[in-house]
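Numbered according to full-length UniProt numbering, the sequence shown spans residues 1 to 158. Reviewing the structure listed below.
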Amino acid sequence: MVEKTLVQVRQSIYDLWPAELLERQFLGQLRDHLADLAGPPLELEWEARGHFADLSREARHTFQSVAREALSNVARHAQARHVKVVLDASCDPVRLRVSDDGSGLQEDQMKPQFGIRGMRARLATLGGRLQLMSEPGTGTTLEAAVPRHRAFSDASHL
Numbered sequence: 001m002v003e004k005t006l007v008q009v010r011q012s013i014y015d016l017w018p019a020e021l022l023e024r025q026f027l028g029q030l031r032d033h034l035a036d037l038a039g040p041p042l043e044l045e046w047e048a049r050g051h052f053a054d055l056s057r058e059a060r061h062t063f064q065s066v067a068r069e070a071l072s073n074v075a076r077h078a079q080a081r082h083v084k085v086v087l088d089a090s091c092d093p094v095r096l097r098v099s100d101d102g103s104g105l106q107e108d109q110m111k112p113q114f115g116i117r118g119m120r121a122r123l124a125t126l127g128g129r130l131q132l133m134s135e136p137g138t139g140t141t142l143e144a145a146v147p148r149h150r151a152f153s154d155a156s157h158l
């Protein structure tokens, strides 16, 4: 009972935050977390396009999770020196694109492993999709897309 009340109090306080503060917090946390994951020798380039103030809580979680998993894969497997992460809310669908300059993937490596399946499952809850593009020696690009009407809500921070 006490725990439930505590959750309700926290939610009430969170609901009072202005949307612009939520947007800055979301983008700042995402950028900082990705920078921590990248680290030397992997150089991170980060770009956010559009406004994220009304991005739903579920969409924020989904994009954060997909970005973390994608960057973790780049750091562990790609042998990349540079990775670019773009979160674009100025279009429909809303897109997250992670591109690296690493070794790329052979066709047999394109089969979905656990992390890719998890990203696809998360995106599917919002009607989204995941696309993986790569060729050996050219790096890899992962694109996550969620329909705008599913990514945004009128009461996103509730």
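Virtual Cβ for every residue (Gly too), placed ideally from N, Cα, C.
Residue i classed as buried or exposed, judged by whether at least 16 other C-beta atoms fall within 10 angstroms
i, result
"residue 97", "buried"
"residue 157", "With a pLDDT of 42 at residue 157, under the threshold of 50, the modelled position of this residue cannot be trusted; read the value that follows with caution. Counting Cβ neighbours within 10 Å, residue 157 comes out buried, since at least 16 surround it."
"residue 5", "exposed"
"residue 50", "exposed"
"residue 69", "buried"
"residue 149", "exposed"
"residue 76", "exposed"
Coarse secondary structure for residue i, derived from DSSP in three states
i, result
"residue 105", "coil"
"residue 1", "coil"
"residue 152", "strand"
Closest by C-alpha distance to residue i, when choosing among the options
i, options, result
"residue 130", "136, 139, 115 and 138", "115"
"residue 140", "93, 59 and 82", "82"
Contacting residues, own chain, Cβ-Cβ under 7 Å from residue i (five flanking each side not counted)
i, result
"residue 47", "86"
Neighbourhood of residue i by C-beta distance below 6 Å, restricted to the same chain and skipping five residues each side
i, result
"residue 153", "56"
Identified DSSP bridge partners for residue i
i, result
"residue 134", "140"
Cutoff 8 Å: residue i Cβ touching any chain C Cβ
i, result
"residue 84", "Among the chains of the structure shown, chain C does not appear; only one protein chain is present."
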